[in-house]
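**Q** Got a structure here, written out as structure tokens. Questions coming.
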Amino acid sequence: MRKWIAITGLSAVAGLFFLSGCTGKKEPPYAPVSGFELQKYLGKWYEIARLPNRFEKDLVNVTATYSLREDGKVRVQNEGDKPDGKHKMAIGKAKLAGKPGEGYLRVSFFGPFYADYVIVALDKEHYQYALVASSDKYLWVLSRTPQLDKNIYKNLLQKAQQLGFDTSKLYVVPQKATEQQAGKQ
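Going by our numbering, the residue at position 121 of the sequence shown is 155; the numbering climbs one at a time, nothing skipped.
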């Protein structure tokens, strides 16, 4: 039972926010991107950087995978590795919470408790990178690949600063190279 609680306590990207980040607000704390298409957002995302939080403490190789559930909600699968090599995973759910076409979801890993998941920046053409915010305590830089172009990263940090985030506190998440990348080196 303890192991199950510890595993469900894990969250990544994307994803993501527990009781301290939950609010009953109807409006997101930040303006979500417009023109958002959930189907294009589904799939695997790598966590490039995050503001430190207790539920991702010491995690590396962090990913979030989003898929559509039969009930129309989104399945959220967050994974990462502890320094001792233990793999952690948490399964949650998300639902669209904003107006049609807004990048605003609500995410839950604990029953009826939902938290904001606001996509504040997004590569709208190819959906290759995203900046996700919740309260002023939660921020993630996500990418479809384990590494992100330095100029794109810099632009996402500027956006985060404009929103009031202290980007000097961001933790850059170590990501292991994929087999494909390892073959190119």
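Beta carbons: idealized from backbone N, C-alpha and C, even for Gly.
Is L102 buried or exposed, if buried means 16 or more other CB atoms sit within 10 Å of its CB?
**A** Answer is exposed; the Cβ neighbour count stays below 16.
**Q** Can you list, in chain order, the residues of its chain with a C-beta nearer than 7 Å to that of A131? Leave out the 5 residues immediately preceding and following it.
**A** Taken in chain order, the residues that qualify are Y138, L139, R140.
**Q** Apart from the five residues just before and just after A128, which ones in its own chain have a Cβ nearer than 7 Å to its Cβ?
**A** Closer than 7 Å at the Cβ level, and outside the excluded window around A128, lie K107, V108, V110, L139, R140, V141, Y151.
**Q** Using a 10 Å radius around the Cβ and a threshold of 16 neighbouring Cβ atoms, would you call G198 buried or exposed?
**A** Classification for G198: exposed.
**Q** Can you round the beta-carbon distance between V207 and V67 to whole angstroms, since I take them to be within the 8 Å contact cut?
**A** Rounded, the Cβ-Cβ distance is 22 Å, inconsistent with contact.
**Q** If I measure Cβ to Cβ from L176 and keep anything under 8 Å in the same chain, skipping five residues before and after, which residues do I get?
**A** Only V47, A48, W79, Y80, E81, I82, A98, Y163, A164, L165, V166 meet the Cβ criterion.
**Q** Taking only runs of the alpha helix (DSSP H) that begin and end inside the region 57–139, which ones reach a length of at least 4 residues, in chain order?
**A** You should have 72–75.
**Q** Closest to Y75 by C-alpha separation, out of W174, L156, E113, D115, would be which residue?
**A** The residue with the shortest Cα to Cα distance from Y75 is L156.
**Q** Closest to A149 by CA distance: which of S168, D183, K158, P134 is it?
**A** Ranking the options by Cα distance to A149, first place goes to S168.
**Q** Using 8 Å as the threshold, is the C-beta distance between K91 and V154 below it?
**A** It is not a contact, given that the beta carbons lie outside the stated cut-off.
**Q** When we look at the beta-carbon of R88 and count the other beta-carbons within 10 Å, is it buried (16 or more) or exposed?
**A** Label assigned to R88: exposed.
**Q** From Q195 to T201, what distance separates their C-alpha atoms?
**A** If I take the Cα positions, the gap works out to 6 Å.
**Q** Buried or exposed for K122, going by 16 or more other Cβ atoms inside 10 Å?
**A** K122 is buried by the Cβ-count criterion.
**Q** Which residue or residues does DSSP assign as beta-bridge partners of Y151?
**A** Partner(s): L139.
**Q** Under 8 Å between the Cβ atoms of R84 and L173?
**A** Yes. Within cutoff.
**Q** Does the beta-carbon of E159 have 16 or more other beta-carbons within 10 angstroms, so that it is buried, or is it exposed?
**A** Exposed is the call here.
**Q** Report buried or exposed for N112, applying the criterion of at least 16 other Cβ atoms within 10 angstroms of its Cβ.
**A** It counts as buried.
**Q** L190 lies in the alpha helix (DSSP H); which residues open and close that run?
**A** Element bounds for L190: 184–196.
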